[in-house]
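> When you read off a place in the sequence shown, starting at 1, and then add 156, the result is the number in the working numbering. We put the CB at the ideal spot given by N, CA and C, even for glycine. Please read all numbers here as calculations on a predicted model, not as lab measurements. Questions regarding the structure given below will be posed in turn.
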Amino acid sequence: MNKNNIKLKSITKKNFWDIVLLNQGEDGKKYVADNSYTLLEAMFDNKLKYVKGIYIGKTPIGLIYYNPLSKKKMFINRYMIDEKYQGKGFGKKAFELSLKYYTKKYSPKVLQISSKNKIALDLYKKFGFVDKQDKESKDFYKKYKEKLLVLDL
Ligand SMILES: CC(C)(COP(=O)(O)OP(=O)(O)OC[C@H]1O[C@@H](n2cnc3c(N)ncnc32)[C@H](O)[C@@H]1OP(=O)(O)O)[C@@H](O)C(=O)NCCC(=O)NCCS
């Protein structure tokens, strides 16, 4: 499977089972909700407008969900790669692609993301995200026990 064939696809009636059936793995369950929950949330939030399936060619491998908090700010609510495809460089490539796609399409000035997963946090930092060091991030940590990262564009 070739990293260069990674695509983001809309999630519709035709392909939603592709995405629901992906599995973040036992370890991944500590960090990310099942995709069925994410799709339900994204359906109520904004009718699935900002959630995408990640595919290599026709093979579904993951999900990413950027949620606009305002005109300027998007929060990356959910990101997962199916356990079968983890650790092969697909997550890094798909994250890079998502940054290009969402920033071009929606022109946010700020992106935020949070995680407890050290592998994920390190990955986001490779794209310029930094620890948010303010009251919001302290409150966020108290509430969710997750580090909040920010990228100013
Ligand atoms: C986090 C996640 C999206 C990363 O995707 P991935 O396809 O596994 O990541 P990649 O193979 O592209 O690797 C990205 C980097 O992490 C490192 N990495 C990946 N798996 C690793 C592991 N098990 N141990 C140590 N480092 C690891 C890679 O070496 C790579 O580093 P590099 O940039 O120096 O090459 C994926 O593992 C996942 O979905 N995990 C479960 C859910 C989760 O935690 N989501 C994030 C919630 S915010």
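Thinking C-alpha only, which one of Gln268, Ala276, Lys282 is nearest aspartate 308?
Gln268
> Can you give me the C-alpha to C-alpha distance between glutamate 302 and asparagine 161, rounded to a whole angstrom?
Taking the straight line from one Cα to the other gives about 32 angstroms.
> DSSP beta-bridge partners for lysine 264?
The sequence shown places proline at residue 264, rather than the lysine named in the question. According to DSSP, proline 264 bridges with nothing at all.
> Name the two residues that bound the continuous alpha helix (DSSP H) containing serine 226.
Looking at the DSSP string, serine 226 is not in any alpha helix (DSSP H), and its letter there is neither H nor E.
> Please go through the same chain and pick out, in chain order, the residues whose beta-carbon is closer than 8 angstroms to the beta-carbon of glycine 284, but skip the five residues on each side of it.
Leu307, listed in sequence order.
> Any contact between the segment 236-250 and the segment 259-266? By contact I mean 3 or more CB pairs, one from each, below 8 angstroms.
no
> Use the C-beta contact count for lysine 288: other C-beta atoms within 10 angstroms, 16 or more gives buried, fewer gives exposed.
The residue in question, lysine 288, is buried, as its Cβ has 16 or more Cβ neighbours within 10 Å.
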